[in-house]
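A.B. asks: Note that the sequence shown covers residues 0 to 368 in numbering that gives the first Met the number 0. Encoded as structure tokens, here's the structure I'll be asking about.
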Amino acid sequence: MRFLNSRSRLFRPPFCPNPQCPHHRTDSPDWPHKRAGFYRRQIAPRRIQRFTCLHCRRSFSSQTFSTTYWQHRPGLDKRIFMKAVGGMALRQIARDVGCSPETVAGKVARLGRHCMLLHSRFMEFADPARIVVADGFETFEWSQYFPFHHNLAVDPDTDFWIYFNDSELRRKGRMTSTQRKRRVELEARFGRPDPRAVRKSMFELLKVATAGSGCVVIDTDDHPSYRPAIRALEIEVEHRVTPGRARRDRSNRLWAVNLLDLLIRHNNANHRRETLAWSKRRQGSSERLAILLVWRNYMQGRREKIRNSPTPAMERGMLSRRLALEDVLDRRLFASRMELPASWRRYYRREVETRALKSQRRHELSYAV
Ligand SMILES: [Zn+2]
Numbered sequence: 000m001r002f003l004n005s006r007s008r009l010f011r012p013p014f015c016p017n018p019q020c021p022h023h024r025t026d027s028p029d030w031p032h033k034r035a036g037f038y039r040r041q042i043a044p045r046r047i048q049r050f051t052c053l054h055c056r057r058s059f060s061s062q063t064f065s066t067t068y069w070q071h072r073p074g075l076d077k078r079i080f081m082k083a084v085g086g087m088a089l090r091q092i093a094r095d096v097g098c099s100p101e102t103v104a105g106k107v108a109r110l111g112r113h114c115m116l117l118h119s120r121f122m123e124f125a126d127p128a129r130i131v132v133a134d135g136f137e138t139f140e141w142s143q144y145f146p147f148h149h150n151l152a153v154d155p156d157t158d159f160w161i162y163f164n165d166s167e168l169r170r171k172g173r174m175t176s177t178q179r180k181r182r183v184e185l186e187a188r189f190g191r192p193d194p195r196a197v198r199k200s201m202f203e204l205l206k207v208a209t210a211g212s213g214c215v216v217i218d219t220d221d222h223p224s225y226r227p228a229i230r231a232l233e234i235e236v237e238h239r240v241t242p243g244r245a246r247r248d249r250s251n252r253l254w255a256v257n258l259l260d261l262l263i264r265h266n267n268a269n270h271r272r273e274t275l276a277w278s279k280r281r282q283g284s285s286e287r288l289a290i291l292l293v294w295r296n297y298m299q300g301r302r303e304k305i306r307n308s309p310t311p312a313m314e315r316g317m318l319s320r321r322l323a324l325e326d327v328l329d330r331r332l333f334a335s336r337m338e339l340p341a342s343w344r345r346y347y348r349r350e351v352e353t354r355a356l357k358s359q360r361r362h363e364l365s366y367a368v
């Protein structure tokens, strides 16, 4: 793919990095720019080429196009990426690589944003799926009183993970009387999630996952919100419902998404059951999930136990080889040069609000007035 160029000795900037410049959105080898000397820095490579855009006069360097642009300790990115998909919690990663948990959190957020852009870029060239399996992965943020779904869409022909988003839920299920009282208190203080959240998010999930196809088969369980979400899609759909109680083995039509559930719980420490490392915010959970998505689709064999098993992206005919970490982090991608689906745009801008924190912030503000 064109944006996965291997690094050449003589770097040529493919476009102007200024989002306001007319030479920003398209790649053109002869856009008007000039070399403008070098600057020196403390880490290798020490000499960095500078450039000037002759149209908007923006000055920039070869580093502007690197995934480590403006980063302290750029060498940590690769190590943190693999540990974040290898089941380690943020504090464990911090101890292991020798930096603060805040540094790890910042780098994971940044890697997550990069992975959203990388996947979206690949999807621009992808054929639409024939079948989509969708389901909600149940987890929580802040405390068990704030459950939410990560809604997942998978192509069962290849196990390719197409998209995910989230929807807040109201705590349900068995509770002690003390827990019930606590729920009443918390809901009075922080409000209740939108009762149509699952329906709305499932609609967005499926709209993105079925983009470009005229007719598609969608497999889900019997959750009552899924049917109206699917009816609202403007394409021809055959909706196949598999009861949630059905045996969850390979013969189950939801197998691909059930397998992904297991993979998420196994590889992302924040979603393990009974963990101490649960997500404090849906925002952070989404960033980590995007890293896992890139690893699952492009870097990891479809069948983990089979050596050299092709990746889901290879099975889908999107790439001819498995991506290494160097490929994934080869080049900085610019959000201003591409379209992101609505939920990912919110994640990218860090706009997802955690109910418990939102009200606390308001509270502090009212003190300030
Ligand atoms: Zn320019």
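In this text, a Cβ means the ideal position worked out from N, Cα and C, and glycines have one as well.
Tell me which same chain residues have a C-beta within less than 6 angstroms of the C-beta of residue 108, skipping the five on either side of it?
C.D. replies: Once the five neighbours on either side are set aside, the close Cβ partners of residue 108 are 286.
A.B. asks: If you count every other CB in all the chains shown that lies within 10 Å of the CB of residue 15, and 16 or more means buried, which is it?
C.D. replies: Buried is the call here.
A.B. asks: Check for me: the alpha helix (DSSP H) holding residue 275 runs from which residue to which?
C.D. replies: Counting along the chain, residue 275 falls outside any alpha helix (DSSP H), and DSSP gives it neither H nor E.
A.B. asks: Restricting to runs no shorter than 3 residues, where is the beta strand (DSSP E) found entirely within the stretch 98-147?
C.D. replies: If we require 3 residues or more, the beta strand (DSSP E) runs fully inside the stretch 98-147 come out as 130-139.
A.B. asks: With residue 69 as the anchor, note down where its alpha helix (DSSP H) starts and where it stops.
C.D. replies: Unbroken run through residue 69: none, as it is neither H nor E.
A.B. asks: Can you round the beta-carbon distance between residue 215 and residue 129 to whole angstroms, since I take them to be within the 8 angstroms contact cut?
C.D. replies: Correct: roughly 7 angstroms between the Cβ atoms.
A.B. asks: Taking contact to mean at least 3 C-beta pairs separated by less than 8 angstroms, is the stretch 223-234 in contact with the stretch 197-209?
C.D. replies: The stretch 223-234 is in contact with the stretch 197-209.
A.B. asks: Are there any heavy atoms of ligand 1 lying less than 7 angstroms away from the beta-carbon of residue 22, as far as the coordinates show?
C.D. replies: Yes, the Cβ of residue 22 comes within 7 angstroms of a heavy atom of ligand 1.
A.B. asks: How should residue 278 be labelled, buried or exposed, when 16 other C-beta atoms within 10 angstroms of its C-beta is the threshold for buried?
C.D. replies: Classification of residue 278: buried, given that the 10 Å Cβ count is 16 or more.
A.B. asks: Based on Cα-Cα distance, which residue from 297, 202, 169 and 178 lies nearest to residue 190?
C.D. replies: Answer by Cα proximity: 169.
A.B. asks: Any heavy atom of ligand 3 within a distance shorter than 7 angstroms of the CB on residue 57?
C.D. replies: This structure does not include ligand 3; its bound ligands are ligand 1.
A.B. asks: Report yes or no: do the stretch 124-140 and the stretch 311-324 share at least 3 C-beta pairs separated by less than 8 angstroms?
C.D. replies: Yes: at least three Cβ pairs fall under 8 angstroms.
A.B. asks: By Cβ distance, which residues of its chain are closer than 6 angstroms to residue 256, with the 5 residues on each side in sequence left out?
C.D. replies: Closer than 6 angstroms at Cβ, skipping near neighbours: 132, 134, 151 and 153.
A.B. asks: Quick one: what's got a C-beta closer than 8 angstroms to residue 351's C-beta in the same chain, skipping five residues either side?
C.D. replies: Hits under 8 angstroms: 165, 280, 281, 282, 285 and 345.
A.B. asks: Expressed to the nearest angstrom, what Euclidean distance is found between the alpha-carbon atoms of residue 102 and residue 276?
C.D. replies: C-alpha separation (whole angstroms): 17 angstroms.
A.B. asks: State the DSSP-derived secondary structure class of residue 265, mapped to helix, strand or coil.
C.D. replies: Here residue 265 sits in helix by DSSP.
A.B. asks: With DSSP as the reference, label residue 26 as helix, strand or coil.
C.D. replies: In the structure shown, residue 26 sits in coil (DSSP, three-state: anything other than H, G, I, E or B).
A.B. asks: For a quick check, are the C-beta atoms of residue 56 and residue 37 less than 8 angstroms apart?
C.D. replies: Their beta carbons are not under 8 angstroms apart, which means residue 56 does not touch residue 37 by this criterion.
A.B. asks: Would the stretch 75-94 count as touching the stretch 58-65 if we require 3 or more Cβ pairs under 8 angstroms?
C.D. replies: Flag = no, the stretch 75-94 and the stretch 58-65 do not touch.
A.B. asks: With burial defined as no fewer than 16 other Cβ atoms inside 10 Å of the residue's Cβ, what is the status of residue 18: buried or exposed?
C.D. replies: Its Cβ having fewer than 16 others within 10 Å, residue 18 is exposed.
A.B. asks: Out of curiosity, what's the CA-to-CA distance linking residue 239 and residue 219?
C.D. replies: Cα to Cα, the separation comes out at about 7 angstroms.
A.B. asks: In angstroms, rounded to a whole number, what distance separates the CA positions of residue 268 and residue 329?
C.D. replies: Residue 268 and residue 329: Cα-Cα distance of roughly 26 angstroms.
A.B. asks: On the three-state DSSP scale, how would you describe residue 234?
C.D. replies: Here residue 234 sits in coil by DSSP.
A.B. asks: With distance defined between alpha-carbon atoms, name the residue in 106, 71, 136 and 311 nearest to residue 160.
C.D. replies: Of 106, 71, 136 and 311, the residue nearest in Cα terms is 311.
A.B. asks: Thinking residue 145 and residue 354 are a contact (beta carbons under 8 angstroms), I'd like their distance in whole angstroms, please.
C.D. replies: Between residue 354 and residue 145 the Cβ distance is about 6 angstroms, and since that is below 8 angstroms, they are a contact.
A.B. asks: Compute the Euclidean distance between the alpha carbons of residue 231 and residue 202, then round it to the nearest angstrom.
C.D. replies: Each residue's alpha carbon lies about 7 angstroms from the other.
A.B. asks: Does the beta carbon of residue 17 fall short of 7 angstroms from some heavy atom of ligand 1?
C.D. replies: Yes, the beta carbon of residue 17 sits closer than 7 angstroms to at least one heavy atom of ligand 1.
A.B. asks: Keeping to the same chain, check which residues put their C-beta closer than 8 angstroms to that of residue 1; ignore five residues upstream and five downstream.
C.D. replies: Residue placement at residue 1 is flagged as unreliable, the pLDDT there being 46, under the threshold of 50; the coordinate-derived value follows with that caveat. Counting only Cβ-Cβ distances below 8 angstroms, and skipping sequence neighbours, we find 26.
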